[in-house]
Amino acid sequence: MRVFSLLTGLFFLSFFCESQTLPLSYKSAGSAYFAKATAEVKKDSSYLIKTKNAFTSVVIKIPFTQDFKKAYLLISNDTVRLHGDSHSDADTLLGSQLIVMPQPIQELRFYSGGVEGKLEFHFFTATSLSPVKKKENTYRLNAVCEEPTSVPQSIWRAGLPDPIGTPVATPVKFVIVHHSAGSNLASNYQEEVRNIYLLHTESNGYDDIGYNFLVAPNGVIYKGRDGRGVVAQDNVRGAHMCNKNDSTFAICMLGNFNEQLPTTAALQSLYALAAWKMQKENVDVNGLLVHSVGPTSANAGSKLLPQLAGHRDGCTPRYTECPGDLLYEILPQVRDSVAKMRQTCMVTHLEDIASVSKTFLYLNQTLLPVSGEEYKAVVVNDVLGRTLFEGIFQPEMSISLEGKHFFKPSKRGKGEQILRIVAF
Ligand SMILES: [Zn+2]
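Numbering-wise (the numbering used here), the sequence shown opens with residue 416 and increments by one.
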């Protein structure tokens with residue numbers, strides 16, 4: 416008996432050091448694309464996780480009272496450290512980042528670190544599509560300040576369930592920058608987008624993917640939430656801003672930017688998307704506007720928010736790391752680059768008025784197929800978007816400004832047309 420228990424003990428010791436298989440308790444309500452399971456874990460323990468079906472990505476959820484410090488996954492030979500990634504206001508548990516596998520798998524190893532008790536595992540299965548690398552080349556930027564070309568949802572979502580519900584329109588006053596918080600090692604970006612879609616629709620309970628656009632490290636842009644013929648695609652209200660999504664437009668940069676920056680190609684696509692949308696909506700790249708602070712449960716009221724902001728700017732402190740520390744730190748440079756790109760696109764259609772200190776401003780009838788009387792006001796901005804002059808429009812008016820000036824009409828909605836002049 417004594418020998419038996421000693422042997423049993425040794426067996427368990429060696430098995431434990433290897434990894435013990437974690438019994439998963441599956442919840443019903445799963446689908447071909449999503450399975451939810453719970454399991455009890457101990458601290459500082461190593462587990463082998465085997466699933467019923469192959470999966471392409473996973474999120475682990477723990478109580479909000481704990482954190483993921485020291486917890487990691489072993490996928491093939493890669494160690495993927497886990498961290499909290501709150502993107503859903505409805506969460507009662509703290510979710511990890513979405514971890515997308517290099518290929519569909521049925522087992523992985525999990526080290527619990529400081530995590531203990533009952534956890535949830537959300538497994539997603541995005542039936543794999545062949546990569547669209549060749550096609551993707553046609554989805555690169557083709558014009559400055561026009562809508563950049565992007566991969567439509569009908570292509571990247573092929574084979575996955577349709578969105579549900581009815582899209583809601585929102586006027587855009589803020590461009591919000593996110594990161595997906597996933598791995599920077601991923602190379603099949605379309606698979607990343609497909610798994611994010613499943614996370615948002617199957618696990619978070621959103622009607623559709625939460626973001627308006629997603630940008631891959633190779634610069635390819637994916638259209639996000641679909642207007643489905645009901646709402647213009649770039650005015651669909653998303654689900655991304657700690658449940659305060661009105662007036663926002665979300666761009667998600669694929670990758671984790673806590674410790675590295677997005678690629679130059681990805682940043683160029685971000686600038687182009689933001690410049691096009693902010694130009695179209697007449698949103699000041701360096702502007703500030705009041706916006707509600709989320710999540711709803713925090714009752715945090717509202718605050719002045721940059722009109723080109725990071726996700727964390729609109730939430731209570733430490734609610735989310737998004738868009739990652741390093742990308743967040745360079746947002747002032749992102750604003751400069753977007754403002755400069757916007758200037759460039761304005762200049763391509765503009766009339767050089769004068770380069771003297773006192774300038775007569777007038778509407779150029781050959782350039783503008785509208786009458787001057789439609790303009791109620793004049794705004795003069797410099798290249799950084801700062802307002803130099805604002806006044807009631809007169810057909811011929813004199814403004815004292817240093818330097819060279821360009822102008823372009825810009826419409827703000829019925830009865831509020833404004834002549835916008837940009838000063839260099
Ligand atoms: Zn975010």
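Where a beta carbon is used, it is the ideal one built from N, C-alpha and C, also for glycine.
Beta strand (DSSP E) runs wholly inside the stretch 457–523, at least 3 long, in chain order:
461–477, 487–490 and 493–496, all fully within the stretch 457–523.
Output the distance between the C-alpha atoms of M516 and Y487, rounded to the nearest integer angstrom.
Here residue 516 is taken as the residue at index 101 of the sequence shown, counted from 1. Here residue 487 is taken as the residue at index 72 of the sequence shown, counted from 1. Here the alpha carbons of Y487 and M516 stand approximately 14 Å from one another.
Mark S647 as exposed unless 16 or more other C-beta atoms lie within 10 angstroms of its C-beta, in which case mark it buried.
For this step, residue 647 is matched to residue 232 along the sequence shown. According to the sequence provided, residue 647 is Ala. The question's Ser does not apply to it. Per the 10 Å Cβ criterion, exposed.
In its own chain, which residues sit with a C-beta less than 7 Å from the C-beta of V753, not counting the 5 before and 5 after it?
What you label residue 753 is simply residue 338 of the sequence shown in a count that begins at 1. The residues are Y686, A689, A690, M693, V700 and L723.
Continuous beta strand (DSSP E) assignments of at least 3 residues falling wholly in the stretch 681–757
Within the stretch 681–757, the complete beta strand (DSSP E) runs of at least 3 residues are 703–707, 717–721 and 723–725.
C-beta contact flag for Y604 and V635 at 9 Å
By 1-based counting over the sequence shown, the position of residue 604 is 189. By 1-based counting over the sequence shown, the position of residue 635 is 220. With contacts defined as CB atoms closer than 9 Å, Y604 and V635 qualify as a contacting pair.
Using the beta-carbon count (16 or more within 10 Å), is P438 buried or exposed?
The residue you call residue 438 lines up with position 23 of the sequence shown. With fewer than 16 other Cβ atoms inside 10 Å of its own Cβ, P438 counts as exposed.
Could you work out which residue in E606, L682 and I475 is closest to T540 when comparing CA atoms only?
The count along the sequence shown starts at 1 and reaches residue 540 at position 125. The residue from E606, L682 and I475 with its alpha-carbon nearest to that of T540 is E606.
For ligand 1, which residues count as neighbours when the test is a C-beta closer than 5 Å to any heavy atom?
Output, sorted by chain position: H593, H726 and C737.
Beta-bridge pairing of T663 - partner residues as DSSP gives them
Taking the sequence shown and counting its residues from 1, one reaches residue 663 at position 248. Note: T663 is bridge-paired with F589 in the DSSP secondary-structure output.
Since L649 and P578 should fall inside the 8 Å C-beta cutoff, what is the C-beta to C-beta distance between them, to a whole number of angstroms?
Reading the sequence shown from its first residue, position 234 is the one you call residue 649. Reading the sequence shown from its first residue, position 163 is the one you call residue 578. Strictly speaking, residue 649 in this sequence is Asp, with Leu absent from that position. About 16 Å separates the two Cβ atoms, so there is no contact after all.
Could you spell out where the beta strand (DSSP E) holding L629 opens and where it closes?
The count along the sequence shown starts at 1 and reaches residue 629 at position 214. Here the beta strand (DSSP E) through L629 covers F628 to V630.
Look at the alpha carbon of V459 and the alpha carbon of V566, and state the distance between them as a whole number of angstroms.
As a working mapping, residue 459 is identified with position 44 in the sequence shown. As a working mapping, residue 566 is identified with position 151 in the sequence shown. Residue identity differs from the one stated: residue 459 is Asp in this sequence, not Val. Cα to Cα, the separation comes out at about 43 Å.
If you follow the beta strand (DSSP E) that L534 is part of, which residue opens it and which one closes it?
Position 119 of the sequence shown holds residue 534. For L534, the enclosing beta strand (DSSP E) has its first and last residue at G532 to F539.
How do the stretch 446–465 and the stretch 625–644 stand: do at least 3 beta-carbon pairs fall below 8 Å, yes or no?
Contact fails between the stretch 446–465 and the stretch 625–644, because fewer than three Cβ pairs, one in each stretch, are under 8 Å apart.
Once you ignore the five residues that flank F479 on each side, which residues in its own chain have a CB closer than 6 Å to its CB?
Here residue 479 refers to the residue found at position 64 of the sequence shown. Counting only Cβ-Cβ distances below 6 Å, and skipping sequence neighbours, we find L509.
Helix, strand or coil for S569? Go by DSSP, reduced to three states.
Reading the sequence shown from its first residue, position 154 is the one you call residue 569. S569 falls in the helix class under three-state DSSP.
Buried or exposed (CB count within 10 angstroms, at least 16 for buried), P710:
Residue numbering aside, residue 710 sits at position 295 when the sequence shown is read from its first letter. P710 comes out buried.
Near K549, which residues of its chain fall below 8 Å by C-beta distance, leaving aside the five closest residues on each side in sequence?
What you label residue 549 is simply residue 134 of the sequence shown in a count that begins at 1. Because K549 carries a pLDDT of 39, less than 50, the predicted location of this residue cannot be relied on, and the following value inherits that uncertainty. Excluding positions up to five away in sequence, the list is empty.
Whole-Å CB distance - L676 paired with L742, under 8 Å assumed:
Counting from one through the sequence shown, the residue named residue 676 turns up at place 261. Counting from one through the sequence shown, the residue named residue 742 turns up at place 327. Indeed they touch by this definition, with Cβ atoms about 7 Å apart.
Roughly how many angstroms lie between the CA atoms of G716 and E696, to the nearest whole one?
As a first step, residue 716 must be located in the sequence shown, where it is residue number 301. As a first step, residue 696 must be located in the sequence shown, where it is residue number 281. The alpha-carbon separation between G716 and E696 amounts to approximately 26 Å.
Do K659 and H615 have their CB atoms nearer than 9 Å?
In the sequence shown, the residue the question calls residue 659 occupies position 244. In the sequence shown, the residue the question calls residue 615 occupies position 200. Their beta carbons are not under 9 Å apart, which means K659 does not touch H615 by this criterion.
Could you tell me if R733 is buried or exposed, where buried requires 16 or more neighbouring beta carbons within 10 angstroms of its beta carbon?
Reading the sequence shown from its first residue, position 318 is the one you call residue 733. Burial call: exposed.
What three-state label does DSSP hand Q605 in the structure shown?
Locating residue 605 in the sequence shown gives position 190, where the first residue counts as 1. Residue state for Q605 is assigned as helix, using DSSP reduced to three classes.
Please report the distance separating the alpha-carbon of R609 from that of M668.
Position 194 of the sequence shown, counted from the start, is the residue given in the question as residue 609. Position 253 of the sequence shown, counted from the start, is the residue given in the question as residue 668. If you take the alpha carbons of R609 and M668, they lie about 14 Å apart.
Whose CA, out of T494, K467 and E531, lies closest to the CA of E522?
For the purposes of this step, residue 522 is taken as the residue at position 107 of the sequence shown. Out of T494, K467 and E531, K467 has the C-alpha closest to the C-alpha of E522.
Helix, strand or coil for Y637 per DSSP?
As a working note, residue 637 is residue 222 in the sequence shown. The answer is strand: DSSP assigns Y637 an E or B state.
Sequence-distant residues of the same chain with beta carbon closer than 7 Å to Y526, five excluded per side:
Here residue 526 refers to the residue found at position 111 when the sequence shown is read from its first residue. Counting only Cβ-Cβ distances below 7 Å, and skipping sequence neighbours, we find S461, A486 and Y487.
Let me know if D500 comes out buried or exposed under the rule of 16 or more other beta-carbons within 10 Å of its beta-carbon.
For the purposes of this step, residue 500 is taken as the residue at position 85 of the sequence shown. By the Cβ neighbour-count rule, D500 is buried, with 16 or more other Cβ atoms within 10 Å of its own.
With the cut-off set at 9 Å, would you say I464 and A454 are in Cβ contact?
Residue numbering aside, residue 464 sits at position 49 when the sequence shown is read from its first letter. Residue numbering aside, residue 454 sits at position 39 when the sequence shown is read from its first letter. Cβ distance < 9 Å, so I464 and A454 count as in contact.
Buried or exposed for K476, going by 16 or more other Cβ atoms inside 10 Å?
As a position in the sequence shown, residue 476 is number 61, starting the count at 1. By the beta-carbon neighbour count (other beta carbons within 10 angstroms, threshold 16), K476 is buried.
Is DSSP giving H615 helix, strand or coil here?
Within the sequence shown, numbered from 1, the residue matching residue 615 stands at position 200. DSSP, reduced to helix, strand and coil, places H615 within a helical segment of the structure shown.
Taking buried to mean at least 16 other C-beta atoms within 10 Å of its own C-beta, is P721 buried or exposed?
Stepping through the sequence shown from its first residue, residue 721 is reached at position 306. Sixteen is the threshold: when 16 or more other Cβ atoms of the shown chains lie within 10 Å of the Cβ of P721, as they do, the residue is buried.
Check A436 in the structure and name its three-state DSSP category.
Counting from one through the sequence shown, the residue named residue 436 turns up at place 21. Residue identity differs from the one stated: residue 436 is Thr in this sequence, not Ala. DSSP places T436 in strand when its eight states are reduced to three.
In the DSSP output, what is A450 paired with across the bridge?
The sequence position of residue 450 within the sequence shown is 35, counting from 1. DSSP, once it has assigned bridges, lists F538 as partnering A450.
Would you kindly work out how many angstroms separate the C-alpha atoms of Y637 and E562, rounded to a whole number?
Within the sequence shown, numbered from 1, the residue matching residue 637 stands at position 222. Within the sequence shown, numbered from 1, the residue matching residue 562 stands at position 147. For Y637 and E562, the gap between their C-alpha atoms comes out near 12 Å.
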